[in-house]
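>
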Amino acid sequence: MMFRSLAFLLLVGLVAWAYQATQPPPPKICGSPGGPPITAPRIKLRDGRYLAYKEHGLSKQVAKHNIIFVHGFGSSRHDALIATQLSPELVEDLGVHIVSFDRPGYGESDPDPKRTAKSLALDIEELADQLGLGSKFYVVGYSMGGQVIWSCLHYIPHRLAGATLHAPVINYWWPGFPANLSTDAYYKQPPGINGHFELLTIYHG
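What the sequence shown shows, in mature numbering (1 follows the signal peptide of the UniProt record, and there is no 0), is residues -18 to -1, 1 to 187, in sequence order.
This is how it looks when you write it as structure tokens:
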């Protein structure tokens, strides 16, 4: 009987140790004691979180178009492709002001444990309002940033001048995906893509 009790206690101890060993360390939030320093401008959101951002192109005072760029899975505010891959001359000719930002939990933006599709769209709306981008603005999402653009189209369509999904991660077999569009796009892909990437969708409000 005593042997069974000792074995049970040993098992409980091992389970507790294994659980503790697999838990990640506490997150080091930018600006918190022991955390990384803050190097980017940030806005304070309605719930107290901070969102880090970076501005590119013309100043918003002289720009004709304001664009908010949403990065993909392994990226940050520094990876705004439409800003980094366009020549300064073209940016000036188009008259664009681009704002990229660290999505919640990326870079110097605070994590959002309660993040939802709607909260991401509202974060973008609040970013636009605090930076004074006007009543309507453009949104561009790259790769998994495209998911955020769908959220914007659903929750804040009245604020959008236009939206672009650049190479979003999609599934051509989603039930709600138009059959004629998925078939056409699937056969335009290079070999090896396997039907999961490289679709460009543009919406104009």
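Even glycine gets a Cβ: it sits at the ideal position worked out from N, Cα and C.
Starting from residue 195, trace the beta strand (DSSP E) both ways and give me its first and last residue.
Beyond the ends of the chain as shown, which are -18 and 187, falls residue 195; an answer cannot be given.
> Using only the alpha-carbon positions, how far apart do Val130 and Ser(-14) sit?
53 Å
> Count the other CB atoms, across all protein chains shown, that sit within 10 Å of the CB of Gly128; report buried if there are 16 or more and exposed otherwise.
buried
> If you check the beta carbons only, do Ser91 and Tyr137 fall under 8 Å apart?
Not a contact, by the Cβ cut-off of 8 Å.
> Just the Cα atoms here: how many angstroms apart are Gly13 and Gly89?
Their Cα atoms are separated by approximately 12 Å.
> For Leu(-8) and Arg24, I'd like the C-alpha separation in whole angstroms.
48 Å
> Cutting at 6 Å between CB atoms, please list the residues of its own chain near Gly87, excluding the five before and the five after it.
Pro93
> If you count every other CB in all the chains shown that lies within 10 Å of the CB of His186, and 16 or more means buried, which is it?
With a pLDDT of 43 at His186, under the threshold of 50, the modelled position of this residue cannot be trusted, and the question is left open.
> Under 8 Å: do the segment 110 to 125 and the segment 136 to 151 share three or more Cβ pairs, one atom per stretch?
With the rule of 3 Cβ pairs closer than 8 Å, the segment 110 to 125 counts as touching the segment 136 to 151.
> What are the boundary residues of the alpha helix (DSSP H) that includes Ser101?
Ala99 to Leu113
> Just checking, does the segment 61 to 79 make contact with the segment 37 to 48 on the three C-beta pairs under 8 Å criterion?
The answer is yes - the segment 37 to 48 touches the segment 61 to 79, with three or more Cβ pairs under 8 Å.
> Given this structure, state the Cα-to-Cα distance separating Leu104 from Lys26, to the nearest angstrom.
13 Å
> Using DSSP's beta-bridge definition, name the partner residues of Ser(-14).
Beta-bridge pairing links Ser(-14) to no other residue.
> By the DSSP assignment, the alpha helix (DSSP H) with Val130 in it spans what residues?
Gly128 to Tyr137
> Which residue marks the beginning of the beta strand (DSSP E) containing Glu37, and which one marks its end?
Tyr32 to Gly39
> Considering only DSSP beta bridges, list what Arg24 is partnered with.
Ala34
> With DSSP collapsed to three states, give me the class of Val(-7).
helix
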